[in-house]
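12 is the number of the first residue of the sequence shown in our numbering; add one for each residue after it.
Built from N, CA and C at the ideal position, the CB exists for glycine as well.
Model, not experiment: these values are computed from the prediction.
Notes to accompany the following structure.
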Amino acid sequence: QGSDRVSPHPPASYTGSNMGTVQAESICESIDSVIIGDQNNWGFQAEVWFTIADVFISLDMLPDAQKCIDEIKTLFPLSHLVSYMSGRIREKEGMKEEAEQQYVNAVALSPRHIPSLVALGRLQLEMGKELLAEHNLSEASKLGTAVYQACFYLGQLYQKQGSHDKASE
């Protein structure tokens with residue numbers, strides 16, 4: 012990947028709260044011009060793409076988010092983060108089964124990735140797969156002390172099951 016690379020991003024615009032209208036294409040081209048070509052910056056480049064994809068997902072700009080994830084795939088095709096972010100996109104698109112599979116892939120690649128475990132457990136809870144949800148949320152809650160989301164969804168699961176003693180823990 013050299014610096015003579017043409018950005019594959021079609022024009023897309025969005026309006027931020029204080030930013031006015033910004034062209035997504037110009038953002039991507041700016042990133043390309045700053046960090047493409049230097050292999051030492053590939054990790055940094057992936058981090059930037061993930062951050063931009065996260066912003067695009069929060070703005071419901073899913074095609075732009077997918078383009079960012081596609082950029083990361085070229086650098087790190089077996090990254091658990093690629094699967095995790097792809098799952099978030101599929102979930103926003105309402106494709107729950109595909110989202111679940113992406114989260115499963117992320118957990119298979121990195122079993123200790125808490126956001127993937129929580130997202131998978133939460134989605135499985137929504138899909139009525141309570142045993143799988145309990146397993147994944149329990150695993151996430153064991154991995155860190157500040158995993159409030161996993162505990163929250165476990166509490167919801169236990170309440171749904173009528174296990175109020177477990178839910179209060």
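Item, Value
"At least 3 beta-carbon pairs within less than 8 Å: the segment 148-159 vs the segment 125-138", "yes"
"ASP81: first and last residue of the uninterrupted alpha helix (DSSP H) it sits in", "73-86"
"6 Å CB neighbourhood of TRP53 in its chain, flanking five on each side removed", "LEU86"
"Proximity below 8 Å, CB of TYR164 to CB of GLY139", "no"
"8 Å contact criterion, which LEU120 and HIS91 should meet: CB distance rounded", "4 Å"
"Inside the segment 83-140 only - beta strand (DSSP E) runs reaching at least 3 residues", "none"
"Residue range of the unbroken alpha helix (DSSP H) whose run includes GLY173", "Where GLY173 is concerned, there is no enclosing alpha helix (DSSP H), given that its DSSP letter is neither H nor E."
"Residue nearest to GLN170 in terms of C-alpha spacing, selected from GLY98, LEU136, LYS103 and LYS84", "LEU136"
"Per-residue DSSP class, three states only, for GLY155", "coil"
"Residue burial classification, GLU82 (beta-carbon count within 10 angstroms, cutoff 16)", "buried"
"Nearest neighbour of CYS79, chosen from SER94, PHE61 and MET72 [CA to CA]", "PHE61"
"Check: SER69 C-beta below 7 Å from any heavy atom of the ligand PLP", "Because no ligand of any kind appears in the structure shown, any question about the ligand PLP cannot be addressed here."
"Nearest-angstrom beta carbon gap, GLN160 and VAL129 [assumed within contact, 8 Å]", "5 Å"
"Beta-carbon separation (whole angstroms), LEU168 vs LEU143, contact threshold 8 Å", "Not quite, the Cβ-Cβ distance comes to about 11 Å (not below 8 Å), so this is no contact."
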